[in-house]
Structure formats: structure tokens, C-alpha cells
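Numbering (mature numbering (1 follows the signal peptide of the UniProt record, and there is no 0)), first residue to last: -23 to -1, 1 to 1067.
In what follows, a single structure is set out as C-alpha cells and then discussed.
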């Protein structure tokens, strides 16, 4: 025992001794008071405050104990059910002295629900101003003295009950509340609330009943008026209220009347109103319908003078109105016979208690109009203004009506009995007839004049849509519409229609055109308009057809022509319409030679113009025509490609760019007479003695000339084709002959010096030269012996004469200008003959330009196309190579044999078949001069052309596929395809229901079906070049029953495991705890109180 506890016990003992042992009982209860729910456990600890005692114990009707020698003792009841229990803790101390202490125990119970009811019955319907009782029923509640019951109207407390019943046991308690409803309580919700307030140590419990909505019946009540204005609804006369909503019936003369009907003056009389709701009541109404006077008079009354009149005014109203006539402010009575003095404006008044109304009556005497005056023919300048005037007299004053073409710039003005037409900024539409008609009730008259707009041609106000129609042969049928213009629609008489070339009218404003046969269609839209009369407007219609074929040939079917002689080419165009819109262009290489129109075209098979079917300006159907061009070529044009192009120029309304077709190329060979190369074969040639000299007779001509040598019989040269090896002096004749002409060149050979044989002791560095035209040339000649008199260079340009005292001599040409340059180094020996060695020289020139022809429009797979590479001004031609490339691949190489050394123009043609792999590939050509090792001259390239190839779709994987549906894996079908133009995708499904699913896309290359069903899915891919179809077969997998069995077994095992866990760890009240065995609801888990 701690020191503090010992002190307390000693103090308590002393206090007991001082007070005689009865003032205080040395025991302590913990807790001294408890609040326990019926059936719950309870525990109260009783502790002795002194050490000297004989024991303590509990007296109780439940779980009492005897005297037990302990210092503290707990009274425990596992389930407290005695409403009147009053346990007592006692202690014996001193000399058999006993004292006791009693804890305060409140045992309670509270219902799960309470109820509300009333004496209104099961339908909860009450009558206004009748007393009813509400009953709030609270079952099984204790202690009742702590109970409070409240009654709510909506959210407002209207009554509170408490109960002073002393019983501790559970009772069924009711609270009855008296209530008198009003009509405002109908539809209001009532409810009861029970509150059990168990003080500071207990809970405060509350329950609210279900809502109780009441219906309050009252009425009906009728409040009516017996006078109303016209057109008010009958039902508005009475205000009928009540609950339930009264059923209102209206009757007149025993017949039911619709209360929504609007009352008129005819509906006045006696009505009975019957309202049936909570009760039935009736009300009788004598109804009067009031309305102000209604006066009806003719505003204008005409009569012949001295004739009796029948002029009357009618009036209605309630109360009945009075009628009074006024003339110039004074009350009058109309005479029986009216004269012109009575022709005035009269005021007629009608009045009753509600209002006064009036009307005016104009009384006139009529005279027919006179003849139209002041209206004459008129001529007006275009853009200026003018007017027409029309006047007539009569009574009543005549009215005017004009009949003319009503244009926007014409205005009518009627003023002071005269009508005028004002024309502003006159146009062609104002030309025509104008009729003025003057009329009144007694008659009419008219006059017609004509207006001419000077300087303007009259137009027909018709619009044709489209105004110009240009359509291709065998295209989709089209229609053209004819209608009046905006101003024309206001003036048309009848309707517009089409008139065909045979004179027949269609009777319709729309005309359908047949693009397969309407070559000679020349329709005219006709209509009739006021002021203009019949007029028409033609449709500018053209049905065109591109040529079936365009070809080029020589007129005389020649494959070759003679230089500087005229020849003709003919371009044949077949099946083109209309030929009068045809333009033919002639091309030589990349150069346009000539462009001709219809005036230079001829119809194939026609002997002369203006014969039926031969006049291009008249014939509109397909024709075969041709054009001829006359040319004169020279030798540089040989091998040039010619072609012609036919283009249909159909104007702005036609296709853009205009359709055109080119012929295949035609290569022309130019024949020309021979020309002997006198540079290589001059008239005088020195020949070193003992050193044979080659006489080379080269002749340029086409066809290649035949070379022949002739000489005297005493000469014995060696002849090899066009080369003559000579050692003797004399005259030698070279003749060159071809189909065009023949030419002879005489060469004089003279002997010079002596030759040292084939071993000439000289060295030329470099041993050969390749030099660009107009570049410098340098070469050095070195004697390999010093036994020489001198040395020199013989050359066709800037040679060096014999120079003595040197063993080395350079040939230095500042600018090479000789295409056929030759150079010889010679030495004169001290002993022996002269010897020479030739320096081989090649003069070259790279091309000025390398051009490649373009391709009009995209290529189509499988079709052949041609491209031409033109090389301009290149030399020498025998060293030229033209190479064609597609991408990085060389596809063709052309070489050009020939002997000419001067610059020429050359062309190479490449023919290919378009393929899908060529799409977006680049194609180009290059020209290269090849001179062998050691000489590297960069090639000249053309511009590159990027090919566009149209090809049908092809799948990346063309094989049909099979897929299996798998759980958890989406179905993905990929039918990606390539094509140009870009292909369009569409999918078909095995089940039509799949197409109805929202957000299902069917136009992409990859399909992910939202609803995955087995079957055949088809992917359709198409473009303008073709269509491809690929099938995807989707199948269901074979089901694995062992997997299903394993899943069932797993679920069963999981269920058994959960059951075992529930048995061991779920508490009685449904909570989850791991120390369930040591826990009991309402019992302390330690020595302390609950």
C-alpha cells in the first residue's frame, strides 16, 4: 500500500471515530450511478476505505454476494433485466457495525421506430374547421418520465408532451394532440419526435416518425358578376374555389355550356353555375353583354346625278345607339334624290352609354375619263433621263395604270390627277412600248407610245445558268436552267422555255444535255415580256472531245531531207471536236517552232472547204484534221526530234488547263552534200623523204560520203579506205560522193628533207594533250642527242620556226582556237635527214546546257513514257556519253560516233514503263566527255524530275489472314495498303449489327471492332486506279475445361477460408477483432469500471 493510500484510510478511520461511526460509511462506489440499456451488462465496484473491517458484500435480486473478507468487491450482472433492481453494498467494521451504500441505476430502453396517426382515416383527409386528433405512439420505452414527445407542422413544433409516470418498467406511451385544420394546412406534412434524455451519464436518444401529409377539404365557394364585356370568357364571370377542386358546370336553357367560350352579344341571358366539390352549390346569373356602338357606312358612295339613292348606315350596340348625320358641322337629313350640291363628305355619329363612334361618307357623282393627253413617243440617249406624262379628266378623278417593262430605273408618280413615268440613267431595257390606261367607275381610255433608247441595243432579260456550258464527251449528263432576270421576272408574260434547233419547244425551263450525242445542240431560251414582246437568248454550248490520236509524219513519207531544201511535216489529229477550237503547236527539240489555229487546219479527206461536213466553223461533231508545216533544215538539225501537240482552247468556261495531246516524236535525218576537211588535208602537203605521210581524206556529209583517191598511174601509194600513204611527190585527187552531191579536192605533195627513220631522237612532254577550247596549251620537245643543227614546231596555230643552238623547245599557245589543231616537233641533225614527231591534241568543249524534257501530268503504272535529254554545243562528239539515272541507278548510256571535231547538239531519248516503285523517284541525265585515264572532266547534269506515278492499291501483306479471339486481348485487323492517289478504306463486318454501334470507325486501315464477333471481315481499298480486297477470318478458340474447373476450385477454396476466418475473428455485433476471446460487450477489460 502506498503512503498516500495509508493516509487516506487513517483519516477516514479518525473521522468515523469522531462521528460515532454512523455519519459516513467507509466504502466507495465506482461508479456511484450508471445508465444501462435493458439487457446490457453492468459492473459496479465497491471498495473499503478502512483496513479494519470484517468484510464487504452485495445485496441484490441479481448476482448478490455474501460477506467476503476483501477490500473491494465488484457487483457484476451479465444481462440486466430487473426494472426495479436496487443493489446495496455493505461493510462490517468496528464491533459488528454495519453500514451500506446504494448506487443509482437507471435501466432504459428506446424503440427503433415511432408512429404517427390521426382520426382523419386512412386517406388522411380532413375537413376545414373540424377537430381531429393526432396520436404519437412510442412503443416499449423506459423510463417514461424522461420521455418528451413533440408534434411538428412542417418544421415547426406545434405541441410538446412530457410524462410524470413513476414506473421504471417499459411501457407503450401515446400522446394525443387535438388539431383543427384550415385550408392552408392542405398538403402540409406532420411528424412526431420522441426524445429520451437520460441525463449527463446517459445518451440522449431521438426518433422521428414517418411524415404524415394531410389533405384538407373545403368549399366550394362561388362569387359571380352579371355584366361583362364582349369577348370575355364565360368562365371569367365566376371565381369558384374549393378542395377537392370543384367540378364547375355552366348551363343555359338547360344545356351545358363550355366555360372557355368567349361571349358575344348573342350570348346574353340567364345562366346557372353549379360547383361540385366537398359539397354541391348552384348560382343563377342574369347576364348582360355590353358593347359599344358599331357603325357601318360606305366610305364612298357614288351615284349618277338626279338618281334616287339607297345609301344606308347600319349600327349595332348595347344599350342601343342613336344615329345622327352631319354636313359641314350641321345636323341634316339626306334628301331622296342627290344632286352635285349634295356631293360632300358627311359625318355619321352613333352613340350609347359606352362610347360614341363616327364614320365619314364621301358622296360623289361620276363622269367617265376623257381621252389621254400629253403622252407622245420619246427618244432618249443611253445613260440620260427622260419622262412620259399621261393625263385625263373625269369624276371621280381617273386612276392610271401603266403597262411597260418595269425596270429598276423607272418610277411612277401620280400627282394632281396626272401620272408620270420617270426613266433615270436609261438602258437597253427601257426600249419598248408603254401604254397608259386612265379609268374610273364610269369607263376607261388608253394610249400606247414607244420609247427608244439611242445608243443601246435592246436586251432580252433572260439568265441562263450556266451561261456557257462546256462538257466532255461521254461525261455525266448535265442540265442547264433558263429563267428571267430579277427585273424580267416582274414583267414576264407566260413562262420561259427552250426552243431546239428544229423549232420545237420543250415547255420547260430546264434542259438536259446528253454528252454522248448532242454535238449540234444549239438551244435558245425564249420568253415574252411586257413592253418588249417575244425575245430569246442562246445557250453557248460546246460538247468537246479530246483527240483519239495525234501523230506526225513527213508529207512525202520521207525519213530524210536534203539540207536547205524545203520539206513538209503533217500533224494528224483524229476524232476531235469541235475542231474550230483546236490549236496545233510544232516543236523541234525543246523549241516551239509554230502555233497555228483553225485557219491553218484542214479536214482529212475533204477536197475543198465549205463542203458539207468539211467546214470546221460549222461542224461540231468529231472530225479528223491535219496541219502542215514547211521547214528548211541544215546539217546541225540532223537527228533532231520533231513532234506536234494538239490543244483544245475552250475558253474560261472550259477545262483548265486546256486538254492537250502530243504525238510521238519523229526523228528527221538531214542529208547534205560532202565537205572535205581541208584542215587535215590542205592543198599542199610537205612530205619528208623516206618518211611516208598519211593523206587522210575526211569528208563530212550525210549519208556518209564514199571516199575515193585518184592519181597518175606512175604513183604507187598504199590505199586504205579514205587514207593514202604516200612517199612520192605529185598530185593526188580525193573525191567524196553521196546521194546529194560529189566534190573533188586536189592535194599537191612535195618532198622535203630527209627522214631519219622511225627512231626520231626526240621526246615530247606531255606525250598527248587534252585542252579546252580557248584555254592555253603548252608542250615541250626535247632532243635526245646534241648532234643537231636546231629544232622547231610545225603547227596549224602558233608554230615555232627552226631554232638553232637549243636542244629543248616549247610549244606555247596562249588561246586554242583551232578545233582541228595539229602540231609536229622536228629536228635537223648535223649528220643525216630531218626527223619529226607528232603531238596528239584533242580540243574539247563542255556543253553549254543539258536540258531534260518535262512530263505533263502524272504517270500511270504500266504505261510507257519518253524523256529526251538535249546536250547543246559540245565537242568532240565521239567522246560524248549521255547517261540516264533513276534514283541512284544508271539505267542507260548513249554514245555518239562521228568524225566531226567541232561543237554539235545531240539528243538522247529514254523510253521507260512506269512502275509503282518509281513514285517520287528522281530521274535525270548527264553529259560526260571521256578521254581515258588521267583526264577527269566533271559531267554536266540536267535538272532532276521527280516522278509522280499513279498506281492501284497494294497491301503491305497481301495474304488473307486468320485471327483468334482471345480474352483480354483486343482484336486488331491491319490492312494497311499503299497506292497513289492515297487509297480510301472501307470495312464490311460479318454481322450487320456491328455497323450500328456508335463510335465504330470503318474508314481507317486498322480496325478494332468494338463488338468482337467471329466471321469474315473484309477490307476494301480503292483509288482512281483500282480496288483491292483482303479478308480476315476471325475464329473462336477451343475452350479449356480444365482451366474453368481450376477457377471453380479456387473460388470454393476462397469461400471455405473466409468462413474459417469469420468463425474465429468476427465479434457478435458484426465487428472484426483479433482478440475476440478476451472481449465482451459492456464488460470492462481491466479492473476499472465500464
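Don't be surprised by glycine CBs; every beta carbon is placed ideally from N, CA and C.
Classification of residue i by the beta-carbon crowding that lies within 10 angstroms, buried from 16 upward
| i | result |
| --- | --- |
| residue 230 | exposed |
| residue 220 | buried |
| residue 150 | buried |
| residue 882 | buried |
| residue 807 | exposed |
| residue 434 | exposed |
| residue 427 | exposed |
| residue 134 | exposed |
| residue 935 | exposed |
| residue 237 | exposed |
| residue 896 | buried |
| residue 314 | exposed |
| residue 903 | buried |
| residue 971 | buried |
Span of the beta strand (DSSP E) around residue i
| i | result |
| --- | --- |
| residue 1010 | 1003 to 1012 |
| residue 364 | 363 to 368 |
| residue 548 | 543 to 553 |
| residue 151 | 148 to 156 |
| residue 381 | Segment: none, residue 381 is in no beta strand (DSSP E) and carries neither H nor E. |
| residue 855 | No beta strand (DSSP E) holds residue 855; DSSP gives it neither H nor E. |
| residue 701 | 700 to 703 |
| residue 850 | 841 to 851 |
| residue 904 | 899 to 906 |
| residue 767 | 765 to 772 |
| residue 707 | 707 to 714 |
| residue 1069 | The requested residue 1069 does not occur in the structure, where the chain is confined to residues -23 to 1067. |
| residue 568 | 568 to 573 |
| residue 879 | Counting along the chain, residue 879 falls outside any beta strand (DSSP E), and DSSP gives it neither H nor E. |
| residue 620 | 617 to 625 |
Residue i versus residue j: straight-line alpha-carbon distance, rounded
| i | j | result |
| --- | --- | --- |
| residue 489 | residue 457 | 7 angstroms |
| residue 271 | residue 334 | 7 angstroms |
| residue 136 | residue 116 | 19 angstroms |
| residue 987 | residue 957 | 30 angstroms |
| residue 1096 | residue 643 | Residue 1096 is absent from the structure shown; the chain starts at -23 and stops at 1067. |
| residue 304 | residue 293 | 23 angstroms |
| residue 86 | residue 38 | 20 angstroms |
| residue 240 | residue 266 | 8 angstroms |
| residue 76 | residue 50 | 15 angstroms |
| residue 206 | residue 425 | 58 angstroms |
| residue 487 | residue 447 | 17 angstroms |
| residue 409 | residue 382 | 7 angstroms |
| residue 943 | residue 925 | 43 angstroms |
| residue 659 | residue 672 | 9 angstroms |
| residue 95 | residue 36 | 48 angstroms |
| residue 368 | residue 557 | 58 angstroms |
Residues near residue i in its chain [Cβ-Cβ closer than 6 angstroms; skip 5 each side]
| i | result |
| --- | --- |
| residue 636 | 523, 625 |
| residue 104 | 194 |
| residue 654 | 675 |
| residue 327 | 270, 272, 292, 298, 300, 334 |
| residue 605 | 545, 547 |
| residue 251 | 226, 259 |
| residue 1013 | 942, 991 |
For residue j and residue i, believed in contact at Cβ under 8 angstroms, the rounded distance
| i | j | result |
| --- | --- | --- |
| residue 1072 | residue 13 | Because the chain spans -23 through 1067 in this model, residue 1072 falls outside it and cannot be assessed. |
| residue 127 | residue 141 | Contact flag wrong, Cβ pair sits at about 17 angstroms. |
| residue 419 | residue 371 | 7 angstroms |
| residue 537 | residue 646 | 4 angstroms |
Spatial neighbours of residue i in its chain, beta-carbon cut-off 7 angstroms, leaving aside the 5 residues before and after
| i | result |
| --- | --- |
| residue 364 | 397, 398, 399, 400 |
| residue 5 | 24, 26 |
| residue -3 | Any reading at residue -3 must be qualified, since the residue scores a pLDDT of 41, below 50, and its modelled position is unreliable; the value itself is stated next. 71, 74. |
| residue 740 | 759, 761 |
Other residues of its chain near residue i: CB distance less than 8 angstroms, five sequence neighbours each side excluded
| i | result |
| --- | --- |
| residue 752 | 792, 793 |
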